[in-house]
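This report concerns only the one structure given below.
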Amino acid sequence: MKYLHQFGIILFLSFLGEILHRIIPLPVPASVCGLLLMLLALCTGILKLNQVRETAGFLIEIMPVMFIPAAVGLLDAWPSLRPVWIPILLITVITTILVMAVTGQVTQYMIRKETKRKRSIPERRPK
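1 is the number of the first residue of the sequence shown in the working numbering; add one for each residue after it.
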């Protein structure tokens, strides 16, 4: 029952992202709007991490399975993609490397920031 509740929270925020996408005409996919709402809810404390942790972890674990239909769709569209496969491959490789580099830099920044914050908090000694 806990997993259904957590999944319901995630679906609700995704649904709000769909509504937001319809109301605000930004060139951002509705799923990204839902993710931003999730981030905002987690950062503000409206939603606690333990309220969605297990189901979110499960969804991340099965994420590669979700790409199978897209891959099959690409195979089905091969006749249309054949003339432009080299630019698509180059764009895919370059953007993958770019995303990995930016993600690594952001992660290192966050780790340094957290380490600095922990060092600045004085350690309490038991009496």
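Just so you know, even glycine gets a beta-carbon here, dropped at the ideal spot from N, CA and C.
It should be emphasised that the depicted structure is a prediction, and the values quoted were computed from it without experimental measurement.
query = Cβ of residue 45 within 7 Å of Cβ of residue 30?
reply = Looking up residue 45 in the sequence shown gives position 45. Looking up residue 30 in the sequence shown gives position 30. No; because the gap between Cβ atoms is not below 7 Å, this pair is not in contact.
message = Can you give me the C-alpha to C-alpha distance between residue 47 and residue 65, rounded to a whole angstrom?
response = Position 47 of the sequence shown holds residue 47. Position 65 of the sequence shown holds residue 65. Looking at the two C-alpha atoms, the distance is approximately 27 Å.
ask   = How long is the line joining the alpha carbons of residue 27 and residue 99, rounded to whole angstroms?
value = As a first step, residue 27 must be located in the sequence shown, where it is residue number 27. As a first step, residue 99 must be located in the sequence shown, where it is residue number 99. Distance between the alpha carbons of residue 27 and residue 99 is about 20 Å.
ask   = Secondary structure at residue 56, three-state DSSP: helix, strand or coil?
value = Translated into the one-based positions of the sequence shown, residue 56 becomes position 56. Residue 56 falls in the helix class under three-state DSSP.
key: Assumed close pair residue 9, residue 52 - CB separation to whole angstroms, cut-off 8 Å   = Your numbering for residue 9 matches position 9 in the sequence shown. Your numbering for residue 52 matches position 52 in the sequence shown. Confirmed, Cβ separation roughly 6 Å.
inquiry  = On the DSSP letters alone, give me the boundaries of the alpha helix (DSSP H) that residue 8 sits inside.
reply    = Here residue 8 corresponds to residue number 8 of the sequence shown, with the count starting at 1. First-last of the alpha helix (DSSP H) with residue 8: 2-23.
ask   = Do you know offhand how far residue 7's Cα is from residue 56's?
value = To locate residue 7, count along the sequence shown from 1; it is residue 7. To locate residue 56, count along the sequence shown from 1; it is residue 56. Looking at the two C-alpha atoms, the distance is approximately 8 Å.
inquiry  = Here's the rule I'm using: 16 or more other beta-carbon atoms within 10 Å means buried, otherwise exposed. How should residue 34 be labelled?
reply    = As a position in the sequence shown, residue 34 is number 34, starting the count at 1. Its Cβ being crowded by 16 or more others within 10 Å, residue 34 is buried.
inquiry  = Taking the beta carbon of residue 89 as the centre, do at least 16 other beta carbons fall within 10 Å, making it buried, or is it exposed?
reply    = On the sequence shown, position 89 is the one that residue 89 refers to. Classification of residue 89: exposed, given that the 10 Å Cβ count is below 16.
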